[in-house]
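My numbering applies: residue 591 is where the sequence shown begins, and numbers increase by one.
Before any comments, here is the structure.
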Amino acid sequence: KRIELPKDAAAKAEEAAMMGLAPEAGAEADENEVPPDEPAIPLRPGCQPVGVIRAYDPSKGFGFIRCEGMEEDIFFPRQSLPEDFQIKRKKELPDLVGVQASCEMEPGTDRGPRAQRVTLLLRWHADDRCWLLRRS
């Protein structure tokens, strides 16, 4: 069921916005807005982009990470995954699509962005007292 708002709800929201108590109607925070004094950070060990594995095929031995705001996906070979995840048989490996990951980038290549090491992000599962892959 839909909830009907009172007829004066829009006027009250506009009044609150004018008093600085609420965002203006229709105004949404833009996640891509960056303060003008925010410095650019070079990619180095310890400073890694974070994204989500968009595709991975263990039999082919490669996959792609999508980072929000980047036009191109980041390519990664099987060897860049943690050792326990470098398995070639799909049945022996958890599905990595949708898993959050960070990566160390290879120095500039002509073939587009490429990861030399992929780190799979984990989350704590309190009921089972164990770590699980963090999924989006």
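Where is the CB? At the ideal position from N, CA and C, for every residue including glycine.
Fair warning: this is a prediction, and the values are worked out from it, not measured in the lab.
Look at the alpha carbon of residue i and the alpha carbon of residue j, and state the distance between them as a whole number of angstroms.
i, j, result
"ARG725", "GLY698", "29 angstroms"
"ARG707", "CYS720", "24 angstroms"
"TRP714", "SER692", "17 angstroms"
"PRO703", "GLU658", "14 angstroms"
"ALA716", "LEU722", "10 angstroms"
"GLU623", "ARG634", "24 angstroms"
"GLU694", "LYS681", "27 angstroms"
"PRO648", "ASP718", "28 angstroms"
"ALA705", "ARG679", "22 angstroms"
Can you give the beta carbon distance from residue i to residue j, rounded, assuming they're within the 8 angstroms contact cut?
i, j, result
"GLY766", "PRO667", "Any answer about residue 766 is impossible in this case: the structure gives the chain only from 591 up to 726."
"LEU683", "ILE677", "5 angstroms"
"CYS637", "ILE631", "5 angstroms"
Please state the DSSP three-state secondary structure of residue i.
i, result
"GLN638", "coil"
"CYS649", "Residue identity check: residue 649 is Ser in the sequence provided, not Cys. SER649: coil per DSSP, three-state reduction."
"GLU694", "strand"
"ARG679", "coil"
"ARG755", "With the chain covering only 591 through 726, there is no way to say anything about residue 755."
"ARG656", "strand"
"ARG725", "strand"
"ARG704", "strand"
"ARG644", "strand"
Nearest to residue i by CA position, among the options, is which residue?
i, options, result
"ARG701", "LYS680, ILE655, GLU662 and SER670", "GLU662"
"ILE664", "ASP718, LEU723 and TYR646", "TYR646"
"ARG656", "ASP627, GLU696 and VAL689", "VAL689"
"ASP674", "PHE654, THR709, MET660 and GLU694", "THR709"
"MET660", "PRO629, LEU722, LEU711 and PRO639", "PRO639"
"LEU711", "PRO635, PRO672, GLU623 and LYS681", "PRO672"
"GLU696", "SER670, GLY653, LYS681 and PRO648", "SER670"
What does residue i pair with, by DSSP beta-bridge criteria?
i, result
"ILE664", "ILE655"
"VAL689", "ARG725"
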